[in-house]
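Below you'll find the structure, written out as structure tokens, and then a few comments.
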């Protein structure tokens with residue numbers, strides 16, 4: 059069925075002249091005719107492929123294990139190494155003073171070696187994700203030995219590390235390999251138990267929470283369009299199918315921000331069919347590749363645009379505006395959803411959507427991501443803003 063439509067525009071201005079302009083992903087407007095008996099493209103992506111799912115799971119696990127670029131994770135790694143070195147220093151010390159002196163010497167070299175290891179593994183995190191397990195372990199251990207030697211050289215140069223005999227150099231390298239092995243095992247274990255069973259169940263429930271009220275309205279909208287405009291009715295159903303395909307995906311996985319933006323466009327496309335001219339949408343998406351590649355939990359943007367429609371547009375008699383922007387600022391990816399606040403009282407919220415977004419961002423990015431909300435008076439009226447800050451890939 060031919061379904062021609064307006065070209066995709068990432069930054070259309072207020073107001074929209076048509077309910078679907080500037081908001082629909084290009085994939086919803088195929089250039090060729092689809093036979094009536096051919097399956098819809100949105101359903102073709104849901105074919106069951108157990109090997110693909112297993113490959114994705116293993117790749118995600120490897121990514122979680124070696125994503126050591128978060129400041130909080132680096133701090134924990136340094137503290138873990140310091141505890142291990144303190145126990146080593148305790149083994150040969152006869153007095154507390156002797157233990158303190160040995161611990162100070164080990165701590166200086168240990169912190170330097172750990173930080174060097176973290177920096178090198180962080181820089182190589184993308185290639186490491188593609189390695190087989192044994193090759194990845196070998197590279198990580200080799201980096202540990204190299205980092206230990208690099209941290210030991212300044213101590214030796216200052217005369218604080220004894221002679222530079224072959225046995226001592228080998229011992230320093232082996233110590234670095236041992237510490238790298240300990241950190242590697244800790245990171246791998248951490249990636250396996252990061253989502254306990256109860257947390258996974260809670261996140262799965264939150265991820266799949268698309269309001270039944272929205273489903274009811276979307277289906278009613280499609281039914282109303284079946285006879286009058288079957289092409290738009292099909293578009294609504296395809297958008298709805300894509301939303302639920304993502305909602306039923308495995309909890310805990312991460313997706314590219316580009317996919318989340320595409321999903322938010324599908325959601326707003328459905329709502330624009332329902333609200334018509336009452337809902338005006340503006341998109342300002344940077345073409346920076348880091349914006350498209352930033353990692354986020356699935357369905358993390360959709361609750362924000364849903365809140366914008368539910369609390370900013372739906373209760374207002376004259377409708378309202380929703381603006382979505384994404385850009386790179388100060389080395390971070392910033393996503394912002396803004397909406398007008400009408401004078402009419404809307405449905406009171408309980409903050410569950412924002413709590414859900416913050417919790418899932420914390421589980422994926424720790425302290426490297428944040429979600430803030432605030433109100434701002436403007437000449438056109440009060441605006442509500444929700445902003446997500448993500449680490450740039």
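Residue numbers (our numbering): 59 to 451. We put the beta carbon where it would ideally sit given N, CA and C, even for glycine.
Alpha helix (DSSP H) segment containing residue i, residue limits
| i | result |
| --- | --- |
| residue 333 | 315–333 |
| residue 366 | 360–366 |
| residue 21 | Here the chain covers residues 59 to 451 and nothing more, so residue 21 does not appear. |
| residue 415 | 410–423 |
Buried versus exposed call for residue i [16 or more other C-beta atoms within 10 Å across all chains shown]
| i | result |
| --- | --- |
| residue 433 | exposed |
| residue 215 | exposed |
| residue 162 | exposed |
| residue 276 | buried |
| residue 375 | exposed |
| residue 73 | Caution applies to residue 73, whose pLDDT of 43 falls short of 50 and renders its modelled position unreliable; the value that the coordinates give is listed next. Answer is exposed; the Cβ neighbour count stays below 16. |
| residue 333 | buried |
| residue 154 | exposed |
| residue 225 | exposed |
| residue 320 | buried |
| residue 372 | buried |
| residue 158 | exposed |
| residue 418 | buried |
| residue 279 | buried |
| residue 378 | buried |
| residue 191 | exposed |
| residue 411 | buried |
| residue 389 | exposed |
| residue 141 | exposed |
| residue 286 | exposed |
| residue 327 | buried |
Boundaries of the beta strand (DSSP E) in which residue i is found, first to last residue
| i | result |
| --- | --- |
| residue 434 | 428–436 |
| residue 391 | 390–398 |
| residue 190 | First-last for residue 190: undefined, no H or E at that position. |
| residue 447 | 439–449 |
| residue 337 | 337–343 |
| residue 378 | 378–387 |
Own chain, CB closer than 6 Å to residue i, minus 5 neighbours either side, in chain order
| i | result |
| --- | --- |
| residue 426 | 128 and 449 |
| residue 126 | 176, 179 and 180 |
| residue 291 | 280, 283 and 284 |
| residue 336 | 377 |
Same chain, Cβ closer than 8 Å to residue i, neighbours up to 5 away in sequence not counted
| i | result |
| --- | --- |
| residue 16 | No answer is possible for residue 16: it lies beyond the span of the chain, which begins at 59 and ends at 451. |
| residue 422 | 312, 353, 354 and 355 |
| residue 45 | This structure cannot settle anything about residue 45, because the visible part of the chain is limited to 59 through 451. |
| residue 325 | 297, 301, 360, 363 and 364 |
| residue 351 | 314, 315, 316 and 451 |
| residue 146 | 164 |
| residue 199 | 235, 238, 239 and 242 |
| residue 212 | 170 |
| residue 232 | 203 |
| residue 349 | 315, 316, 343, 384, 385, 386 and 391 |
Any chain C beta carbon closer than 8 Å to residue i
| i | result |
| --- | --- |
| residue 184 | No chain C is present in this structure, which holds just one protein chain. |
Residue i CB to nearest heavy atom of the ligand MG below 7 Å
| i | result |
| --- | --- |
| residue 383 | Of the ligands one can find in the structure shown there are none, so the ligand MG has no counterpart to examine. |
Nearest-angstrom beta carbon gap, residue j and residue i [assumed within contact, 8 Å]
| i | j | result |
| --- | --- | --- |
| residue 392 | residue 445 | 6 Å |
| residue 168 | residue 208 | About 13 Å; that fails the 8 Å criterion. |
| residue 339 | residue 380 | 5 Å |
| residue 397 | residue 370 | 3 Å |
| residue 318 | residue 367 | Residue 318 to residue 367, Cβ: 16 Å. No contact. |
| residue 386 | residue 331 | Actually they are not in contact, since the Cβ atoms of residue 386 and residue 331 sit about 32 Å apart, beyond 8 Å. |
| residue 130 | residue 424 | 5 Å |
Close beta carbons around residue i, own chain, < 7 Å, minus the five adjacent residues each side
| i | result |
| --- | --- |
| residue 205 | 171, 174, 175, 178 and 234 |
| residue 322 | 359, 360, 363 and 382 |
| residue 443 | 394, 396, 431, 432 and 434 |
| residue 197 | 186 and 189 |
| residue 447 | 390, 392, 427 and 428 |
Beta-bridge pairing of residue i - partner residues as DSSP gives them
| i | result |
| --- | --- |
| residue 354 | 313 |
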